[in-house]
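Per the UniProt record's numbering: the sequence shown = residues 1 to 163. Beta carbons: idealized from backbone N, C-alpha and C, even for Gly.
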Amino acid sequence: MQSERPPEKRNLWARLVTRVVHGYFAYARGMTLGVRAACFDAEGRVFLVRHSYVPGWHLPGGGVERRETALQALAKEMREEGNLSAGDPPQLFHVYFNRGTSKRDHVIFYVCRNVRQSAPKMADREIVEAQFFAPGALPPGTTPATRRRLEEVAGRAAPADHW
């Protein structure tokens with residue numbers, strides 16, 4: 001059913017772009033590996049981004065490149081997507097199989113606390129909006145996967161194996 005699919009999978013253009021990008025990554029990397037993080041500031045607000053190429057609000061993150069550690073990739077994505085830096089060391093939360101993207105994609109999920117933002121993130125080609133939100137006041141369009149991850153981090157749901 002259409003309504004049971006997450007918003008990021010309902011949009012034909014988003015699905016096409018995702019398939020092409022992951023097709024390239026499958027060729028270039030074999031297995032794709034990504035990082036994402038629930039980034040909380042000192043006030044307990046969570047940082048979310050809205051991309052230009054896929055609908056909805058997401059936790060910041062991206063792919064791990066060759067010769068890059070997961071923590072290096074996470075620091076890079078936090079910097080690029082939100083001008084963020086971790087206050088406390090990132091804590092590994094869980095590793096998910098992202099079968100909705102491909103048959104070989106995994107996401108390493110971290111929790112970052114006391115995150116600092118050096119400057120507001122200005123819109124660019126990739127990120128059209130980015131900001132902190134109170135966990136109880138997430139913006140409309142926050143993806144179901146983002147909501148599930150935040151429920152897991154809050155201890156209200158057990159971590160799933162699939163993103």
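Cβ neighbours of residue i in the same chain (closer than 8 Å, five flanking residues each side left out)
| i | result |
| --- | --- |
| residue 14 | 8, 53, 54 and 55 |
CB contact flag (residue i, residue j, <8 Å)
| i | j | result |
| --- | --- | --- |
| residue 35 | residue 61 | yes |
| residue 84 | residue 78 | yes |
| residue 37 | residue 59 | yes |
| residue 82 | residue 113 | no |
| residue 132 | residue 50 | no |
| residue 160 | residue 148 | yes |
Residue i - DSSP class collapsed to helix/strand/coil
| i | result |
| --- | --- |
| residue 13 | helix |
| residue 34 | strand |
| residue 110 | strand |
| residue 152 | helix |
| residue 142 | strand |
| residue 147 | helix |
| residue 158 | coil |
Contacting residues, own chain, Cβ-Cβ under 7 Å from residue i (five flanking each side not counted)
| i | result |
| --- | --- |
| residue 64 | 33, 34, 35, 70 and 73 |
| residue 134 | 45 |
| residue 126 | 51 and 52 |
| residue 150 | 38, 46 and 135 |
Buried/exposed call for residue i, threshold 16 Cβ in 10 Å
| i | result |
| --- | --- |
| residue 139 | exposed |
| residue 152 | buried |
| residue 110 | buried |
| residue 90 | buried |
| residue 106 | buried |
| residue 24 | exposed |
| residue 103 | exposed |
| residue 128 | exposed |
| residue 75 | buried |
| residue 145 | buried |
Sequence-distant residues of the same chain with beta carbon closer than 6 Å to residue i, five excluded per side
| i | result |
| --- | --- |
| residue 1 | Residue placement at residue 1 is flagged as unreliable, the pLDDT there being 44, under the threshold of 50; the coordinate-derived value follows with that caveat. Around residue 1: no qualifying Cβ. |
| residue 187 | Because the chain is modelled from 1 through 163, residue 187 falls outside the range shown and cannot be assessed. |
Residue span of the alpha helix (DSSP H) that contains residue i, given as start and end
| i | result |
| --- | --- |
| residue 79 | 70–82 |
Where the beta strand (DSSP E) containing residue i begins and where it ends
| i | result |
| --- | --- |
| residue 51 | 46–51 |
| residue 94 | 91–97 |
| residue 130 | 127–133 |
| residue 56 | Segment: none, residue 56 is in no beta strand (DSSP E) and carries neither H nor E. |
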